[in-house]
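Taken in order, the sequence shown gives residues 1 to 448; the numbers are from our numbering.
From the three backbone atoms N, C-alpha and C, an ideal C-beta is built for every residue, glycine too.
Notes to accompany the following structure.
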Amino acid sequence: MFNKILVANRGEIALRVIRAAREMGIGSVAVHSTADADAMHVRMADESVCIGPPSAAQSYLNFPAIISACEVTGAQAIHPGYGFLSENAQFVQIVEDHELTFIGPRAEHIRIMGDKITAKETMKALGVPCVPGSEGGVPDFATAKRLGAEIGFPLIVKATAGGGGRGMKLARTEAELERAFQTARAEAKAAFGNDEVYLEKYLGAPRHIEVQVFGDGKGGAVHLGERDCSLQRRHQKVLEEAPGPSISPEQRARIGATCAEAVARIGYAGAGTIEFLYEDGQFYFIEMNTRLQVEHPVTEAIYGVDLVREQIRVAAGEPLSFTQADLSPRGHAIEVRINAEKLPSFSPSPGRITQYHAPGGLGVRIDSALYDGYRIPPYYDSLIGKLIVHGRDRPEALARLDRALGELIVDGIDTTLPLFHALLKTDAVITGDYTIHWLEEWLARNLE
Ligand code: ADP
1 MFNKILVANR GEIALRVIRA AREMGIGSVA VHSTADADAM HVRMADESVC IGPPSAAQSY
61 LNFPAIISAC EVTGAQAIHP GYGFLSENAQ FVQIVEDHEL TFIGPRAEHI RIMGDKITAK
121 ETMKALGVPC VPGSEGGVPD FATAKRLGAE IGFPLIVKAT AGGGGRGMKL ARTEAELERA
181 FQTARAEAKA AFGNDEVYLE KYLGAPRHIE VQVFGDGKGG AVHLGERDCS LQRRHQKVLE
241 EAPGPSISPE QRARIGATCA EAVARIGYAG AGTIEFLYED GQFYFIEMNT RLQVEHPVTE
301 AIYGVDLVRE QIRVAAGEPL SFTQADLSPR GHAIEVRINA EKLPSFSPSP GRITQYHAPG
361 GLGVRIDSAL YDGYRIPPYY DSLIGKLIVH GRDRPEALAR LDRALGELIV DGIDTTLPLF
421 HALLKTDAVI TGDYTIHWLE EWLARNLE
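And the structure:
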């Protein structure tokens, strides 16, 4: 096992990793920009190294500074958290070239899943159900027109290099296809330097269901059920829950086994998430994230496992501490993402926290790097904390969420907390009956 690991991230996820390391008796090194000198992850780690100015490109994404921080402190492995360098295959290669360990999958798997066409082809060959669409890239509009007629409308044009909802265009009818095709290509070229696109049937009212998998890197893998992340705004998740209110134990076992078998066959190492759209009882693969997800705590709550601990174990060459037979979900968990944003525009709201009080009690978890007097810098993601509740069933989890939200105080800045107070009163959230479009429609009617 490692003696010391470096956490190449900031905010709540850096704390999450430092906590796991401490429980395992492993030393932790925080890295930070000059804007984060007073941040909680710096205070909580055993050691810290300043790696550059505020801009992420010069600090949290700065390969040489991070590698030198390992060399200076003697850290043997790097945990990337999520975002920043977590899905950067080139960084993984450089880490390995310096005889350090990347706590995550191999560069090869990050590369395959980072290209959507290759990811889809790979998953299809491994028996994972995919959205019907073009086989591979579509080189020109004439081909798009021919394939469009075969697939049927509505359809979406998607960039193979796409991410964060960019390079994706809807064509409701054949008349809209040329414009969608050309715009998606131009957007993808500008954003990712790669204009290859493909076509996919558009699903009208799906849910977003994702399966948590874990590979031991030696041909073994397990699944930890699904999360429902259908409450989204601009393709960004807002609230996540597990188990999915629409998924039966039989469906869970079936899709979970398919996903675990797929990642086992490629020799995948560590945590991964296979994302699906789910409609009329069918799963359709959209992408795989080769990292820890923001919403991993809901899975930890119902399965009673520490996913970061397992990531560290697998990276150190140790076996997983559980088998599939050990894993069965218990109760229901819900997470809400607390962002420093002003409603109804959701514009960033950085600034000083004048008062912070975290809720507590049975079944309540707060993952946050906030403290009284903390000044949230304007340079990074607006996520400032996650509130996770666990109950014996969904109604108990909802009641607990309502109670915990009532105790939570974040003063001095605007946050998305009022949104959750309002959402808990809606029939859709109370019954769990919502699709990926529901929140946007509700916001348009009630807030914006
Ligand atoms: P990105 O990597 O840019 O986030 P995804 O492929 O994960 O792109 O898709 C993001 C979101 O776009 C999905 O969560 C869903 O809301 C919507 N979406 C993607 N593919 C389809 C599809 N075939 N039909 C309907 N909606 C889709």
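Using the C-alpha atoms, what's the distance from residue j back to residue i?
i      : j      : result
Phe63  : Pro297 : 29 Å
Phe420 : Arg352 : 22 Å
Glu226 : Leu85  : 25 Å
Gly167 : Ala56  : 23 Å
Pro132 : Ala37  : 49 Å
Ser382 : Gly114 : 24 Å
Ala20  : Gln212 : 19 Å
Ala97  : Ile67  : At residue 97 the sequence reads Asp, which differs from the Ala that was named. Computed Cα separation, rounded: 10 Å.
Phe285 : Ile156 : 15 Å
Asp195 : Thr290 : 23 Å
Ser230 : Arg16  : 24 Å
Leu177 : Arg146 : 11 Å
Ala228 : Arg22  : Note that residue 228 is Asp in the sequence shown here, rather than Ala. Spanning the two alpha carbons is a distance of roughly 31 Å.
Gln182 : Glu121 : 24 Å
Glu174 : Lys237 : 31 Å
Tyr60  : Tyr198 : 32 Å
His235 : Gly164 : 7 Å
Glu440 : Asn3   : 47 Å
Val222 : Met24  : 22 Å
Ala39  : Gly204 : 43 Å
Pro27  : Ala125 : Correcting the residue type first, residue 27 is Gly in the shown sequence and not Pro. So the two alpha carbons sit approximately 42 Å from each other.
His32  : Gly83  : 15 Å
His390 : Pro359 : 13 Å
Ala260 : Arg375 : 42 Å
Ile409 : Ala271 : 33 Å
Asp326 : Glu310 : 14 Å
Asp216 : Arg172 : 43 Å
Val49  : Ile151 : 53 Å
His208 : Phe276 : 6 Å
Pro54  : Pro377 : 9 Å
Gln58  : Tyr356 : 31 Å
Ala262 : Ile18  : 31 Å
Val29  : Thr101 : 14 Å
Arg252 : Thr34  : 45 Å
Asp280 : Glu99  : 48 Å
Arg394 : Ser246 : 12 Å
Ala149 : Ala107 : 38 Å
Leu214 : Ile312 : Contrary to the premise, residue 214 reads as Phe rather than Leu in this sequence. Taking the straight line joining both Cα atoms gives about 12 Å.
For residue i, count neighbouring C-beta atoms within 10 Å of its own C-beta (all shown protein chains included) and say buried if the count is 16 or more, exposed if not.
i      : result
Gly373 : exposed
Lys169 : buried
Pro139 : exposed
Asn9   : buried
Asn88  : buried
Val305 : buried
His332 : buried
Val92  : buried
Ala159 : buried
Lys386 : buried
Met288 : buried
Arg179 : exposed
Val72  : exposed
Ala444 : exposed
Ser368 : buried
Arg330 : exposed
Quick check: residue i and residue j, are their CB atoms within less than 7 Å of each other?
i      : j      : result
Ala69  : Ile94  : no
Val314 : Ala269 : yes
Ile384 : Leu370 : yes
Leu490 : Glu318 : This structure does not reach residue 490, given that the chain is present from 1 up to 448, and the question cannot be answered.
Leu6   : Ala75  : yes
Ile112 : Thr118 : yes
Gly412 : Thr323 : no
Gly219 : Gly267 : yes
Pro206 : Tyr303 : no
Ala14  : His41  : yes
Leu447 : Pro344 : yes
Glu341 : Glu240 : no
Ile436 : Gln232 : yes
Asp414 : Ser349 : yes
Thr143 : Glu210 : no
Phe283 : Pro129 : yes
At the 7 Å Cβ level, is residue i part of the contact set with chain D, yes or no?
i      : result
Tyr371 : Reference to chain D is not applicable here, since this structure consists of a single protein chain.
For the pair the segment 245–264 and the segment 32–47, tell me if three or more CB-CB distances fall below 8 Å. no
Per the contact definition of three or more C-beta pairs closer than 8 Å, is the segment 402–418 in contact with the segment 345–364? yes
Should the segment 179–197 be called in touch with the segment 413–432, which here means at least 3 C-beta pairs below 8 Å? no
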